[in-house]
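Q: First, the structure itself, so that you have it in front of you.
Numbering (the UniProt record's numbering), first residue to last: 1 to 723.
As structure tokens, then:
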């Protein structure tokens, strides 16, 4: 039988990583989640502004978005004026062209030196940290166009006569200014879109009520701030109110809507002794509860922490994208330099424009259009949206790797107790051997089991108390993990457990064998009782199969997943449950080491294995499996060992998790495809390879606009996962 120590009533995620109450917010980079620091700052790898790992409940403005918006709106008129002047200036007969260059310089200075300052800082950081990225390209392109134009304006004599057109050396202040403005616009749009990816966490954080109604020792009641609630406090939850903290019902009965945390649409009946989850909604009756878990120990805080951790983790696919982006930037710089010299040496000269001027503009266009921002955002955006969506449906992914790998699973090993079954054993019947009575067998077994915390023992003790049977004190109590217990009650030596215990004690149970096998065939767990070395009877405890298990397993089979049951219960009992659920492969009487060995065997055969379980005995197999799936109704050890937690403990969540995994991987591939195809088309056009055929050249301003749109398209595509 499974020796699973668990609380079957409610999700207990306190084994997960907790938010650390240090008073300091941890900030990380959206493109490099391994970068973490206390307080805000810039990423040393890419220069992007770091974001808090967990968004605040309050919808405060993103400081970076606020800063970029201010820079964009204040300098956009200047950029437009420079662009208009560059277009119509040569046609104004009264405006001296040399003077026009100085006017354009004056208008461009605030745009480049103030509005573009964050971009240049990031570009410098990328060089200092030898980490070429999108800001390297933007910084190089913009500074090349701007510095060239400043020199052409201040000391035009250093340029050969071929650079002079319409009375001045050609300048490109308009390109530098518009690149900055368009890049700012792209960042503003992207930041607004990215802010939606944290909506799931914000909605979870917003679930918690702000106050609780505390009952004092004298019976008086007062509303207090949630932060004032302490463990052991008695709280009243009226109909229509949210449960303030995690705890246990001590008075009253009601139906509680837990859908906001578990995804289960139907309210759950709660009575005395049942567990309550903070932030869930009390729908009908009044309840009095005892506070047990508050603050960082609560289920809600654990869920938020797990979602945040998953959103900021790195997917295997992202590592590939980062490597591609790094070499891509170096390649683009080489292509840009090559473009400059090929155009300069062999390009045409038209309308007085030098071929070197064409070379400079095309080289800048290559740098701008090839910015790999979309490539860097392709996977992080998909992971953030997907993990948030999954959390609202009761599926918690520990990290991005779990999201990416789960769709590859083709074999699922499931535990029985607490996974396929309710994990809340119910007393079935007692069979007495000749010379004893059923009441005597139940009295002795329950008296001995008072010292055991096993769920089967609890079912027997509760059954005796419900029948009004007085229990005696057990002495010399001894538990043998996985096989049963021994001790003395009323001067009699007792042994209660499975057939293995009886064999170990050399006690014959032949007289009870037929009844035991019949009960096991019905799916019951059977415990044999021996008194003074003689078989006295047996007790049967059944663990009802979860109503959702059959449908969940059928859905997994349709998806092509091979399902195997592995349980510590006897093989007969295991086969009975398996037959009811349509499971063909069954391993009964297995130890934790056996489950681990089964996982390893399947992996050697080339299977991608997921293990679903809820007990301490499942932890080794959960950790070894390609993807471990823990029931939220199980033990902390199991959840610590798994990559996915099903908050409701419902196997239907596996199908839901698989679907989200498949959609997310598809979305990431789409994003990577958008980014790579965009660059594959944009770079040749910017370099002028099509010019001899079509006469087309790509303006740096158009390149900047296209670059911004590519990043926005990636973020927008990722946001589709919310649906």
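Idealized CB from N, CA, C, for every residue including glycine.
Candidates 249, 168, 45: which alpha carbon is nearest residue 273's?
A: Along the chain shown, read from residue 1 onward, the residue named residue 273 stands at position 273. Residue 249 is the option with its Cα nearest to residue 273.
Q: What are the start and end residues of each continuous beta strand (DSSP E) run of 3 or more residues lying completely inside the region 409-461, in chain order?
A: With a minimum length of 3 residues, the continuous beta strand (DSSP E) runs that stay inside the region 409-461 are 411-414, 426-432.
Q: Keeping to the same chain, check which residues put their C-beta closer than 7 Å to that of residue 733; ignore five residues upstream and five downstream.
A: As shown, the chain starts at 1 and ends at 723. That puts residue 733 outside it, with no answer to give.
Q: Where does residue 518 sit, in a helix, a strand or coil, going by DSSP?
A: As a first step, residue 518 is located in the chain shown; it is residue number 518 there, counting from the start. Helix, per DSSP.
Q: Would you check if there are 3 or more beta carbon pairs closer than 8 Å linking the region 429-449 to the region 524-538?
A: Taking 8 Å as the limit for Cβ pairs, the verdict is that the region 524-538 does touch the region 429-449.
Q: Enumerate in chain order the residues of its own chain whose CB-to-CB distance from residue 413 is below 6 Å, with the five nearest sequence positions on each side excluded.
A: Taking the first residue of the chain shown as position 1, residue 413 is located at position 413. Counting only Cβ-Cβ distances below 6 Å, and skipping sequence neighbours, we find 564, 566, 611.
Q: In terms of residue numbering, what span does the beta strand (DSSP E) encompassing residue 484 cover?
A: Translated into positions along the chain shown, residue 484 becomes position 484. Residues 484-489.
Q: Hey, would you say residue 230 sits closer than 7 Å to residue 221, going by beta carbons?
A: For the purposes of this step, residue 230 is taken as residue 230 along the chain shown, with counting starting at 1. For the purposes of this step, residue 221 is taken as residue 221 along the chain shown, with counting starting at 1. Not in contact: residue 230 and residue 221 (Cβ atoms no closer than 7 Å).
Q: Kindly indicate the opening and closing residues of the beta strand (DSSP E) around residue 37.
A: Counting from one through the chain shown, the residue named residue 37 turns up at place 37. Start and end: 36-38.
Q: Following a CB-centred definition, is residue 268 positioned closer than 6 Å to any heavy atom of the ligand MN?
A: This structure lacks the ligand MN; in fact it carries no ligand of any kind.
Q: Considering only the alpha carbon of each residue, which of 605, 710, 542 lies closest to residue 576?
A: For this step, residue 576 is matched to residue 576 along the chain shown. Residue 576 has its Cα closest to that of 542, out of 605, 710, 542.
Q: Which residue wins for smallest C-alpha separation from residue 571, given the options 526, 546, 562?
A: On the chain shown, position 571 is the one that residue 571 refers to. Closest by alpha carbon: 526.
Q: Give the straight-line distance between the Cα atoms of residue 553 and residue 561, rounded to the nearest whole angstrom.
A: Taking the first residue of the chain shown as 1, we reach residue 553 at position 553. Taking the first residue of the chain shown as 1, we reach residue 561 at position 561. Cα to Cα, the separation comes out at about 9 Å.
Q: Mark residue 216 as exposed unless 16 or more other C-beta atoms lie within 10 angstroms of its C-beta, in which case mark it buried.
A: What you label residue 216 is simply residue 216 of the chain shown in a count that begins at 1. Label assigned to residue 216: exposed.
Q: On the criterion of 16 or more Cβ atoms from any shown chain inside 10 Å, does residue 125 qualify as buried, or is it exposed?
A: Along the chain shown, read from residue 1 onward, the residue named residue 125 stands at position 125. Buried: at least 16 other Cβ atoms inside 10 Å.
Q: In whole angstroms, what separates the C-alpha of residue 671 from that of residue 681?
A: To locate residue 671, count along the chain shown from 1; it is residue 671. To locate residue 681, count along the chain shown from 1; it is residue 681. Taking the straight line joining both Cα atoms gives about 16 Å.
Q: With DSSP run on the structure shown, which of helix, strand or coil describes residue 734?
A: Residue 734 lies beyond the residue range present for the chain, which begins at 1 and ends at 723; the question has no answer from this structure.
Q: Tell me which residues share the same chain as residue 475 and place their Cβ nearer than 8 Å to its Cβ, disregarding the 5 neighbours each side in the sequence.
A: Within the chain shown, the letter at position 475 stands for residue 475. Around residue 475: 487, 488, 489.
Q: Do you know how far the Cα of residue 101 is from the Cα of residue 153?
A: In the chain shown, counting from the first residue as 1, residue 153 sits at position 153. In the chain shown, counting from the first residue as 1, residue 101 sits at position 101. Spanning the two alpha carbons is a distance of roughly 6 Å.
Q: Once DSSP output is grouped into helix, strand and coil, what is the label at residue 215?
A: If you number the chain shown from 1, residue 215 lands on position 215. The answer is strand: DSSP assigns residue 215 an E or B state.
Q: For residue 275, which three-state DSSP category applies?
A: Locating residue 275 in the chain shown gives position 275, counting from the first residue. In the structure shown, residue 275 sits in a strand (DSSP, three-state: E or B).
Q: Only counting the same chain, and skipping five residues up and downstream in sequence, which positions put a Cβ closer than 7 Å to that of residue 184?
A: Residue mapping note: residue 184 aligns to position 184 of the chain shown, counting from 1. Excluding positions up to five away in sequence, the list reads 68, 71, 72, 115.
Q: Please identify the residue among 428, 288, 456 whose C-alpha is closest to the C-alpha of residue 244.
A: One-based indexing of the chain shown puts residue 244 at position 244. Checking every option, the nearest Cα to that of residue 244 belongs to 288.
Q: What are the boundary residues of the beta strand (DSSP E) that residue 247 is part of?
A: Here residue 247 refers to the residue found at position 247 when the chain shown is read from its first residue. Run containing residue 247: 246-252, per the beta strand (DSSP E) assignment.
Q: In three-state terms, what does DSSP make of residue 723?
A: Against the chain shown, residue 723 aligns to sequence position 723. Correct three-state label for residue 723: coil.
Q: Could you pull out every residue in the same chain whose Cβ sits closer than 6 Å to the Cβ of residue 189, ignoring the five residues on either side in sequence?
A: Residue mapping note: residue 189 aligns to position 189 of the chain shown, counting from 1. Closer than 6 Å at the Cβ level, and outside the excluded window around residue 189, lie 712.
Q: Measuring alpha carbon to alpha carbon, tell me which residue in 688, 662, 112 is nearest residue 405.
A: Locating residue 405 in the chain shown gives position 405, counting from the first residue. The shortest C-alpha separation from residue 405 is found at 662.
Q: Spatial neighbours of residue 149 within its chain, please: C-beta separation below 6 Å, excluding the five flanking residues on both sides.
A: Position 149 of the chain shown holds residue 149. If we look at residue 149 and ignore the five residues flanking it on each side, its Cβ neighbours are 171, 172, 173.
Q: Is residue 601 buried or exposed, if buried means 16 or more other CB atoms sit within 10 Å of its CB?
A: Counting from one through the chain shown, the residue named residue 601 turns up at place 601. Residue 601 comes out exposed.
Q: From 402, 103, 690, pick the residue whose C-alpha is nearest to that of residue 609; which is it?
A: What you label residue 609 is simply residue 609 of the chain shown in a count that begins at 1. The candidate whose alpha carbon is nearest that of residue 609 is 402.
Q: Where residue 398 and residue 136 are concerned, what is the direct C-alpha to C-alpha distance, given to the nearest angstrom?
A: Translated into positions along the chain shown, residue 398 becomes position 398. Translated into positions along the chain shown, residue 136 becomes position 136. If you take the alpha carbons of residue 398 and residue 136, they lie about 34 Å apart.
Q: Per DSSP, what kind of secondary structure is residue 585 in: helix, strand or coil?
A: Here residue 585 corresponds to residue number 585 of the chain shown, with the count starting at 1. Of the three classes helix, strand and coil, the one that applies to residue 585 here is strand, per DSSP.
Q: Helix, strand or coil: how does DSSP classify residue 741 here?
A: Since the first and last residues shown for the chain are 1 and 723, residue 741 lies out of range.
Q: State the CB to CB distance for the pair residue 496 and residue 448, rounded to an integer number of angstroms; the pair is presumed to be in contact (CB under 8 Å).
A: Start at 1 with the first residue of the chain shown, and residue 496 comes out as number 496. Start at 1 with the first residue of the chain shown, and residue 448 comes out as number 448. At roughly 6 Å, the Cβ-Cβ gap stays under 8 Å, so residue 496 and residue 448 are in contact.
Q: Given this structure, state the Cα-to-Cα distance separating residue 265 from residue 714, to the nearest angstrom.
A: Within the chain shown, numbered from 1, the residue matching residue 265 stands at position 265. Within the chain shown, numbered from 1, the residue matching residue 714 stands at position 714. The predicted position of residue 265 is uncertain, since its pLDDT is 47 and thus under 50; a value taken from the coordinates is nonetheless stated next. Each residue's Cα considered, the two are about 33 Å apart.
Q: If you measure between the beta carbons of residue 676 and residue 685, is that distance less than 7 Å?
A: Mapped onto the chain shown, residue 676 falls at position 676. Mapped onto the chain shown, residue 685 falls at position 685. No, Cβ-Cβ distance for residue 676 and residue 685 is not below 7 Å.
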